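Enquirer:
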Amino acid sequence: MAVSLERVYRFSAGHLYRRPEWSDAENERQFGRCSWPPGHGHNYRLTVTVGGAVDGRTGFVVDLALLDRLVRERVVERLDHRMLQEAIPEFRADGGGKIPSGENLALWIRDELRDHLPPGVRLLAIRVGEDDDLAATWVREAGEPE
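Here's what the structure looks like:
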């Protein structure tokens, strides 16, 4: 029987919503104050949900120390107290130009963690909360690659 486990992490980071090919006016129309340099920051709340069978010896789905180390090394240490468009190549204007939205951040975190979990442990969801009333969640769909 599979069980899911949620673990919460926190980090602080800044971002700027801006398309370099757009005028200042177009950026402001689309992104509002989020387009104003130099950007703004959030105290992010990251919820990682994994699932799998409960180990009969330990009673756990995953070794929490291992999960914590993985999230800390692949996500938190790379983003904490950084500007997202500088810390993540895909968010740089010269590296793909994705807007560092909560939605895109959730997908980036999924990609950073998905292939590094121990055998038998599946990544089920990533929730990135910018504040108490705004969060983006990626949820693994049936048939989606492990």
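The number in the working numbering is simply the position in the sequence shown, starting from 1, with 12 added.
Backbone N, C-alpha and C define an ideal beta-carbon position, used for all residues, glycine too.
Since the structure is predicted, the reported quantities are computational estimates derived from the model, not experimental observations.
With DSSP collapsed to three states, give me the class of residue 88.
Expert: If DSSP states are grouped into helix, strand and coil, residue 88 belongs with the helices.
Enquirer: Mark residue 25 as exposed unless 16 or more other C-beta atoms lie within 10 angstroms of its C-beta, in which case mark it buried.
Expert: The residue is buried, with at least 16 neighbouring Cβ atoms inside 10 Å.
Enquirer: Between the C-alpha atoms of residue 128 and residue 82, what's the straight-line distance to the nearest angstrom?
Expert: Roughly 8 Å between the two C-alpha positions.
Enquirer: With distances taken between CB atoms, is the gap from residue 138 to residue 111 smaller than 7 Å?
Expert: Not closer than 7 Å, so no.
Enquirer: In the structure shown, what three-state DSSP assignment does residue 128 receive?
Expert: It is helical.
Enquirer: Roughly how many angstroms separate the alpha carbons of residue 115 and residue 68, rounded to a whole number?
Expert: Residue 115 and residue 68: Cα-Cα distance of roughly 36 Å.
Enquirer: In the DSSP assignment, what are the bridge partners of residue 143?
Expert: Note: residue 143 sits in a beta bridge opposite 146.
Enquirer: By the DSSP assignment, the beta strand (DSSP E) with residue 83 in it spans what residues?
Expert: Here residue 83 belongs to no beta strand (DSSP E); instead the alpha helix (DSSP H) covers 76 to 83.
Enquirer: Less than 7 Å between the beta carbons of residue 27 and residue 96, yes or no?
Expert: Yes, they are a contact pair.
Enquirer: Can you tell which of 109, 104, 51 and 87 has the C-alpha that lies nearest to the C-alpha of residue 125?
Expert: Answer by Cα proximity: 87.
Enquirer: Got a sec, what are the start and stop residues for the beta strand (DSSP E) residue 23 sits in?
Expert: That run of the beta strand (DSSP E) goes 14 to 27.
Enquirer: Determine the DSSP secondary structure at residue 111, reduced to helix, strand or coil.
Expert: Coil, per DSSP.
Enquirer: Just mark residue 30 as buried or exposed, buried being the case when its beta carbon has 16 or more other beta carbons within 10 Å.
Expert: Buried: at least 16 other Cβ atoms inside 10 Å.
Enquirer: Cβ atoms of residue 15 and residue 59: under 7 Å apart, would you say?
Expert: Cβ distance not < 7 Å, so residue 59 and residue 15 don't count as in contact.
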